[in-house]
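This is the structure:
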């Protein structure tokens, strides 16, 4: 971990709570002459100057000079204050003078604290003690991704309706029992790394990779506790046995990425440049250069070691694999290898590495790398199409079973009915009639499918009570997709919210209670999509009647098999169905606790009964 072990950025020297010197360091990797930053000098200036010099704060002409020192990896420029600063939160920038005498004021790409404005960096003298910010391990240990039910949480939107004067990271803690009560045992946090301004943002244009976003962490005039707020949140999650998964954006950065501005010719910056695919309007990272992989690996290890996270979801991975060179391990494969080795060295297992690889080769890339999962759009696409047209098609079964493309049971797809990139599924339920979530009941068979699939289910915040915000699938470059969708918490108490919360809670409890439902076994698969009726055994999809029947099974953890038969009715009418069962005897409908109590007896391998419209059954024996 070169960047952290060399304490790049700005750090207090020592751990005195009342005062201390600070040391600034910035690194430039040793590469060919085409990547020479052409720097004559670097000065640091900020709101700390008047404390330790006769000059005013932010006097960049009288900043403090950093000195270059050669190291095997390149050059480190550094400066250590001669006088101590009093405890507090301080902001700074670098004044870089180049060989041609031009100058730029540049932020620090390795700072652990972002500033309040103007893309500043920051540091803290004093602050809370490390002993006050310990992070507990997960009470039951880190589980395999297959055993997780994931809640995707956008910190701004989630806390907007109740935050008051708290830091958003602290406000999330208030709702952890709510999340846990619905059966979720993992939270995927949309990016918390700092972006370049204080405006609302989804966080997919990282600016300072080692810093917690100021907007999320500041409260009560205590910016010095930015790191503490996140540590406290992770600790509170772990005390509830909730895994914490970080959303990592490593393909691209903000166009104003500080490292790029530290080179006289910004395109000479070895960290920036084309590699694999490109993301229009953003600065791609150049993994052709080893320093980029080392930098991003250090970023990942920093969040793993400092905040004890339990997984990383990698954004936009299609763009940092170089398909042009067969077998090229640079970029994503090398990064995943480095993280896996780091976790092995720590003696830790079940750290999830999930790819947002929206491409036909997602399973192949997952198989060929250390990734443990990929985001699978198949169920989302079937659900959106099915709700709009009010009918499912023959693709439905295969949308649940992309596990078949993964060569190892240690890997598992992540599926969903929607995510932050799309409108809420409740909006789609009644979209064709301009009613949105007013037709919430149409979601029920899709939710049952989500929780009874072999893949890991994920629910975006608000889906559980019927939020129905809409965003365009393609904003045609207008930027209208990246918009705030604050959760309207009053909806949890209306009839729609109560019904959906109850169903999510019931399904979460069922999936957690029965390990066999989390196993990979599924019948029938694969489903030939020309088939529009049940197969001769009575399973599959009947597109005419809008029914689906499938079987699931797996070990209960004690050597005994658990068997499940799932029946789903996507139509607008109750229907009599003749359902095949793998064995006779008394079966239990696990959803009967939601709508009564039912334990039918199966004889001769079949059961005939009436399944309700937009409903289903999960039979267990």
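Numbering (the numbering used here), first residue to last: 399 to 1019.
For glycine and all other residues, C-beta sits at the position ideal for the given N, C-alpha and C.
query	result
Distance, residue 704 Cα to residue 645 Cα	16 Å
Bounding residues of the alpha helix (DSSP H) (the contiguous stretch that carries residue 693)	688-705
Assigned secondary structure, residue 1009 (DSSP; H/G/I helix, E/B strand, else coil)	strand
Where residue 422 falls: helix, strand or coil (DSSP)	strand
Between the CA atoms of residue 986 and residue 953 - distance to the nearest angstrom	18 Å
Inter-stretch contact (C-beta, 8 Å, three-pair minimum) for the stretch 572-586 and the stretch 494-507	no
Proximity below 7 Å, CB of residue 864 to CB of residue 894	yes
From 602, 506, 794 and 918, residue whose alpha carbon lies closest to that of residue 806	918
Three-pair Cβ contact test at 8 Å for the stretch 602-611 versus the stretch 658-675	no
Residue 658 - containing alpha helix (DSSP H), residue span	656-659
Beta-carbon contacts of residue 639 that lie in its chain and below 7 Å, excluding the five residues immediately before and after	536, 537, 538 and 583
Distance CB(residue 883)-CB(residue 867) smaller than 7 Å	yes
Stretch pair the stretch 733-740 + the stretch 679-698: three plus CB contacts closer than 8 Å	yes
Residue 459 versus residue 438: straight-line alpha-carbon distance, rounded	15 Å
4-residue-minimum alpha helix (DSSP H) runs that sit fully inside the stretch 615-653, ordered along the chain	624-637
Minimum Cβ-Cβ distance from residue 452 to chain C less than 7 Å	Considering every chain present, this structure includes no chain C. It has just one protein chain.
4 or more residues per run - each alpha helix (DSSP H) lying fully within the stretch 873-952	893-911
Terminal residues of the beta strand (DSSP E) in which residue 567 lies	Taken as a continuous stretch (DSSP letters only), residue 567 belongs to no beta strand (DSSP E), being part of the alpha helix (DSSP H) at 566-571.
Bridge-paired residues (DSSP) for residue 1004	978 and 1001
Start and end residues, beta strand (DSSP E) containing residue 812	812-814
Member of 509, 713, 934 and 672 whose CA lies at the smallest distance from the CA of residue 817	713
Proximal residues to residue 721 (C-beta, below 8 Å), its chain only, five neighbours per side dropped	674
Same chain, Cβ closer than 6 Å to residue 773, neighbours up to 5 away in sequence not counted	754 and 812
Beta strand (DSSP E) segment containing residue 487, residue limits	486-496
3-residue-minimum beta strand (DSSP E) runs that sit fully inside the stretch 542-598, ordered along the chain	548-551 and 584-587
First through last residue of the beta strand (DSSP E) which encompasses residue 472	472-478
Beta-carbon gap between residue 960 and residue 921 smaller than 7 Å	no
Among 789, 770, 628 and 602, the one whose alpha carbon lies nearest that of residue 810	770
Sub-7 Å separation of residue 546 and residue 854 beta-carbons	yes
Neighbourhood of residue 655 by C-beta, 6 Å cutoff - its chain only, sequence neighbours within 5 removed	681
Inter-residue spacing [alpha-carbon to alpha-carbon] between residue 450 and residue 483	7 Å
As assigned by DSSP and simplified to three states, the class of residue 827	helix
Residue 891 burial status per 10 Å Cβ neighbour count (16 or more: buried)	exposed
Burial state of residue 830, where buried means 16 or more other Cβ atoms lie within 10 Å	exposed
Residues sharing a beta bridge with residue 718, DSSP	DSSP, once it has assigned bridges, lists no residue as partnering residue 718.
Simplified DSSP state of residue 856, which is helix, strand or coil	strand
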